[in-house]
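Everything below concerns the one structure shown next.
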């Protein structure tokens, strides 16, 4: 016989009813037998004992009736949940549902509840931990009613941020604070100090939280009564420890990506013939030799250096047989990166083409093309990798021979930084690019056009923006010119980029003190 959810509930209800009957028999029959014996052997005193036992039996009956009522409510809830899940499954066959987690440890009861309890037991917050060293410690982050105090300042470069600037922070911290209040108002400690005082959000002072990647989020919350009304000792601090465990891992979807889909490189260029030759070496070794399913669209401004550019491409063709390249020339316009990339997109006839907006001073590895194909999905997602930007080699290797360019591509603190403030490199489909409206063509020169396009994508719900550091892209250092004639925001953005990519804070600080000592020696 197939065990449907309703049958399971029916048998469960029958078992509970049987359990209740047995409990009643066990509680009442011994007392009744005892009272009959006492009646025969003891006069009035026995009669009083029987009355006392009768009262006890009534209390037991009341207790059992309450338990039966609670069990009926639980059964009804479970029944409603099952019916809801069945209805959702029928309406949406592809919907994700929680699997039944069973193990040898928990053979009965709610397996999900046991799983959550395991997560709590494994959390470091309730244990004394022995760390390997000071680098191994998972630090807490502090927050109060309005601000979060961050060790990692992020893209905004702010050590302090408003909680309400992000929806997830607002929801998460508010839930934690309210859970702490609920715990305090129901705790024996609060009742011992003051049976009548009720905590509110105004009593919250500050909190600490940290995330254990495989377990959940831990909170330590501190409260102090703002009013001494109904509080015997208003100077007392109350601390609540709470934990939000992670649920079991869920598979949401599975799909394949075509690994030989053509990637269209669109590269804007003005002059810089030597840099272009270096770029072509990367293109030959990592795009052609390792993959081959690529197209190169070069948007070249002006006439100076064009013959050398064409010659470099002819040499590449003779060496590899690669012919899938185009040169889009712009003769009588001031250089604009946004306009250049926009013009490059018009050279593509296939609306479903995968594009990679790329600069000539980018070095890449063979892994990047498949990362581009994996994370850009037409109509679903655009891929904005964060490149590792190399510092000025003359500062990084002050007293050493400067290594070859590819040997400098090492992810080290003094070698470079993650260029989280740059949005120039991007993989996206031509159809998505057109749907979003393309670049702002009023911007001249380099920079800021990429930020505005990125902002368009983040402010729409049409596609997901996938933003992450990647191990396959490097931005090579080069002298940077910021033109005062540019728009103020564009000019200031250029200066900030120039300042951050020259060298690490340590390198620049040491250089400053060395120069200061030299100047002091001259005076």
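Residue numbers (our numbering): 111 to 633.
Even glycine gets a Cβ: it sits at the ideal position worked out from N, Cα and C.
Legend entry - Three-state class that DSSP yields for residue 438 in the structure shown: Strand, per DSSP.
Legend entry - Counterpart residues of residue 349 in DSSP-defined beta bridges: Looking at the DSSP output, residue 349 shares a beta bridge with 332.
Inset, instruction - Could you tell me which of 606, 471, 455 sits nearest to residue 549, measuring between CA atoms? - result: Comparing C-alpha distances from residue 549 to each of 606, 471, 455 shows the shortest one belongs to 455.
Inset, instruction - With a threshold of 16 other CB atoms inside 10 Å of the CB of residue 417, please say whether the residue is buried or exposed. - result: Exposed, by the Cβ-count rule.
Inset, instruction - Provide the residue span of the alpha helix (DSSP H) that contains residue 485, from first to last. - result: Start and end: 477–485.
Legend entry - Assumed close pair residue 512, residue 457 - CB separation to whole angstroms, cut-off 8 angstroms: That pair is no contact at about 37 angstroms.
Legend entry - residue 492 classed as buried or exposed, judged by whether at least 16 other C-beta atoms fall within 10 angstroms: By the neighbour-count rule (16 or more Cβ atoms within 10 Å), residue 492 is buried.
Inset, instruction - Tell me whether residue 604 sits in a helix, a strand or coil according to DSSP, three-state version. - result: When secondary structure is reduced to three states using DSSP, residue 604 falls in the helix class.
Legend entry - Sub-8 angstroms separation of residue 599 and residue 558 beta-carbons: Contact flag set, yes.
Legend entry - Among 420, 466, 261, the one whose alpha carbon lies nearest that of residue 542: The residue with the shortest Cα to Cα distance from residue 542 is 466.
Inset, instruction - Indicate the three-state DSSP secondary structure (helix, strand or coil) for residue 274 in the structure shown. - result: If DSSP states are grouped into helix, strand and coil, residue 274 belongs with the helices.
Legend entry - Range of the contiguous beta strand (DSSP E) that encloses residue 578: That run of the beta strand (DSSP E) goes 574–585.
Legend entry - residue 556 versus residue 443 - alpha carbon distance: If I take the Cα positions, the gap works out to 14 angstroms.
Inset, instruction - Assuming residue 612 contacts residue 498 (C-beta within less than 8 angstroms), just tell me the rounded distance between them. - result: Going by Cβ atoms, the distance from residue 612 to residue 498 rounds to 15 angstroms, so no, they are not a contact pair.
Legend entry - Burial state of residue 307, where buried means 16 or more other Cβ atoms lie within 10 Å: Burial call: buried.
Legend entry - Distance between residue 328 and residue 248 (C-alpha atoms, nearest Å): Cα-Cα distance, rounded: 11 angstroms.
Inset, instruction - Put residue 250 into one of helix, strand or coil per three-state DSSP. - result: Residue state, collapsed to three classes: coil.
Inset, instruction - Please look up how many angstroms separate the CB atoms of residue 388 and residue 515, rounded, as I've assumed it's under 8 angstroms. - result: Contact holds; Cβ gap of about 7 angstroms.
Legend entry - residue 538 - DSSP class collapsed to helix/strand/coil: DSSP places residue 538 in strand when its eight states are reduced to three.
Inset, instruction - Would you check if the segment 527–545 and the segment 477–497 touch, i.e. whether three or more CB-CB distances between them fall below 8 angstroms? - result: Judged by Cβ distances under 8 angstroms, the segment 477–497 makes contact with the segment 527–545, as three or more pairs qualify.
Inset, instruction - In angstroms with no decimal places, state the Cα-to-Cα distance between residue 631 and residue 623. - result: Residue 631 and residue 623: Cα-Cα distance of roughly 12 angstroms.
Inset, instruction - Count the other C-beta atoms from every protein chain shown that fall within 10 angstroms of the C-beta of residue 481, then say buried if there are 16 or more, exposed otherwise. - result: Buried, because 16 or more other Cβ atoms sit within 10 Å of the Cβ of residue 481.
Inset, instruction - Kindly indicate which three-state DSSP category residue 621 falls into: helix, strand or coil? - result: In this structure, residue 621 counts as helix in the three-state DSSP scheme.
Inset, instruction - Could you check what DSSP says for residue 387 in three-state terms: helix, strand or coil? - result: Helix at residue 387.
Legend entry - Distance between residue 284 and residue 218 (C-alpha atoms, nearest Å): For residue 218, the predicted model reports a pLDDT of 46, less than 50, meaning its position is unreliable and no value from the coordinates is stated.
Legend entry - Residue interval of the beta strand (DSSP E) (run including residue 316): It spans 314–322 - the beta strand (DSSP E) in which residue 316 sits, taken as one unbroken run.
Legend entry - Buried versus exposed call for residue 241 [16 or more other C-beta atoms within 10 Å across all chains shown]: Burial call: exposed.
Inset, instruction - Express the C-alpha separation of residue 384 and residue 258 in angstroms, rounding to a whole number. - result: The straight-line gap from Cα to Cα measures roughly 47 angstroms.
Legend entry - Rounded straight-line distance, which links the Cα of residue 281 to that of residue 394: Residue 281 has its alpha-carbon roughly 50 angstroms from the corresponding atom of residue 394.
Inset, instruction - Please report how far the alpha carbon of residue 577 lies from the alpha carbon of residue 305, in whole angstroms. - result: Looking at the two C-alpha atoms, the distance is approximately 51 angstroms.
Inset, instruction - Measuring alpha carbon to alpha carbon, tell me which of 460, 538, 441, 508 ends up nearest residue 483. - result: Closest by alpha carbon: 538.
Inset, instruction - Using the Cα positions of residue 312 and residue 230, report the straight-line distance between them to the nearest angstrom. - result: When rounded, the distance between both Cα atoms is 28 angstroms.
Legend entry - Boundaries of the alpha helix (DSSP H) in which residue 78 is found, first to last residue: Here the chain has residues from 111 to 633 only, and residue 78 is not among them.
Inset, instruction - State the Cα-Cα distance for the pair residue 225 and residue 358, rounded to the nearest angstrom. - result: If I take the Cα positions, the gap works out to 8 angstroms.
Legend entry - Boundaries (first-last residue) of the beta strand (DSSP E) holding residue 378: Here the beta strand (DSSP E) through residue 378 covers 373–379.
Legend entry - Cβ neighbours of residue 422 in the same chain (closer than 8 angstroms, five flanking residues each side left out): Once the five neighbours on either side are set aside, the close Cβ partners of residue 422 are 383, 386, 387, 390.
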